[in-house]
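A short worksheet on the structure shown next.
Numbering (my numbering), first residue to last: 34 to 260.
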């Protein structure tokens, strides 16, 4: 069974200053399988980020269904969707969005506060320390984001996305602000972690070299997916 699925999804937005609407997706369907790595590419403005927002329950389709673990979530309550998101989905963005006033360890632990079941602080702190060691940042736990390099901040963002043990990671241009060497390192790290923990990884990228590292590549064009 797919972890997340879009079924015949259409999405449009109002055109600024006009009564017209701009169609972004039109009858698009997509299945994310357990443990797979998938890249979504396409021209700027084609709707790649919209797809991630739908997969991540941050937005809803005009038409069609979004399923998580086989459950249609279109008509779920905001609270139910919030619980699903915090338990099953991790996000990585182009900008790390780390809180500057919090240490690396504190930033990593932030998503645990959104869990419906109150987490055991000790067990989650151990998980955070173990994950930071995996990405080579065990010596930076008490540092603040302003003391880290760009590549290190993105690695912290990767660990933060992993802390709640999600089933899928959604990464929106996570290497866009990095140089080529750091971009390659981060992409390889995300793939390695996906394989290690059996977590699905969906990467949106303009970079064909980064996309080709993934197990499957889909191009989004004219509102639909193409192989």
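Where a beta carbon is used, it is the ideal one built from N, C-alpha and C, also for glycine.
Other residues of its chain near residue 117: CB distance less than 7 angstroms, five sequence neighbours each side excluded:
Translated into positions along the chain shown, residue 117 becomes position 84. These residues qualify, in order along the chain: 90, 101, 106.
Hey, out of 122, 103, 119, 180, whose CA is closest to residue 134's CA?
Along the chain shown, one-based indexing puts residue 134 at 101. Comparing Cα-Cα distances from residue 134 to each of 122, 103, 119, 180, the minimum goes to 180.
Using 8 angstroms as the threshold, is the C-beta distance between residue 202 and residue 123 below it?
As a first step, residue 202 must be located in the chain shown, where it is residue number 169. As a first step, residue 123 must be located in the chain shown, where it is residue number 90. Yes; because the gap between Cβ atoms is below 8 angstroms, this pair is in contact.
Can at least three beta-carbon pairs, one atom from the stretch 228–235 and one from the stretch 197–217, be found at a separation below 8 angstroms?
With the cut-off at 8 angstroms, the stretch 228–235 and the stretch 197–217 touch.
Determine the direct distance from the alpha carbon of residue 175 to that of residue 167, and round the result to whole angstroms.
Along the chain shown, one-based indexing puts residue 167 at 134. Along the chain shown, one-based indexing puts residue 175 at 142. In a straight line, the C-alpha of residue 167 is about 16 angstroms away from that of residue 175.
For residue 241 and residue 76, the rounded distance between their alpha carbons
Walking along the chain shown from the start, residue 76 turns up at place 43. Walking along the chain shown from the start, residue 241 turns up at place 208. Approximately 12 angstroms, taken between the alpha carbons.
Quick one, which of 222, 247, 143 has its alpha-carbon nearest residue 130's?
Indexing the chain shown from 1 puts residue 130 at position 97. Of 222, 247, 143, the residue nearest in Cα terms is 143.
Please classify residue 163: is it buried, with 16 or more other beta-carbons within 10 angstroms of its beta-carbon, or exposed?
Translated into positions along the chain shown, residue 163 becomes position 130. That one is exposed.
From 56, 104, 190, residue whose alpha carbon lies closest to that of residue 44:
Against the chain shown, residue 44 aligns to sequence position 11. Residue 56 is the option with its Cα nearest to residue 44.
So which of 156, 126, 217, 150 has the shortest CA-CA distance to residue 194?
The count along the chain shown starts at 1 and reaches residue 194 at position 161. Cα-wise, what sits closest to residue 194 is 126.
Which residue comes first and which comes last in the beta strand (DSSP E) that contains residue 205?
Taking the chain shown and counting its residues from 1, the one referred to as residue 205 is at position 172. Segment 201–205, the beta strand (DSSP E) holding residue 205.
So, at 7 angstroms on beta carbons, what are the nonlocal neighbours of residue 82 in its own chain, with the 5 sequence-adjacent residues on each side left out?
As a working mapping, residue 82 is identified with position 49 in the chain shown. Once the five neighbours on either side are set aside, the close Cβ partners of residue 82 are 205, 237.
Since residue 87 and residue 120 are thought to touch, with beta carbons under 8 angstroms apart, how far apart are those beta carbons, to the nearest angstrom?
Here residue 87 refers to the residue found at position 54 of the chain shown. Here residue 120 refers to the residue found at position 87 of the chain shown. With a Cβ gap of about 18 angstroms, residue 87 and residue 120 do not count as contacting.
So, using beta-carbon positions, are residue 244 and residue 61 closer together than 8 angstroms?
Counting from one through the chain shown, the residue named residue 244 turns up at place 211. Counting from one through the chain shown, the residue named residue 61 turns up at place 28. Their beta carbons are not under 8 angstroms apart, which means residue 244 does not touch residue 61 by this criterion.
Is the beta carbon of residue 74 less than 8 angstroms from the beta carbon of residue 252?
As a first step, residue 74 must be located in the chain shown, where it is residue number 41. As a first step, residue 252 must be located in the chain shown, where it is residue number 219. Taking C-beta atoms as the reference points, residue 74 and residue 252 count as a pair closer than 8 angstroms.
When the distance is taken between beta carbons, is residue 140 closer than 8 angstroms to residue 184?
Numbered from 1 along the chain shown, position 151 holds the residue referred to as residue 184. Numbered from 1 along the chain shown, position 107 holds the residue referred to as residue 140. No, the pair does not count as a contact, with Cβ atoms beyond the cut-off.
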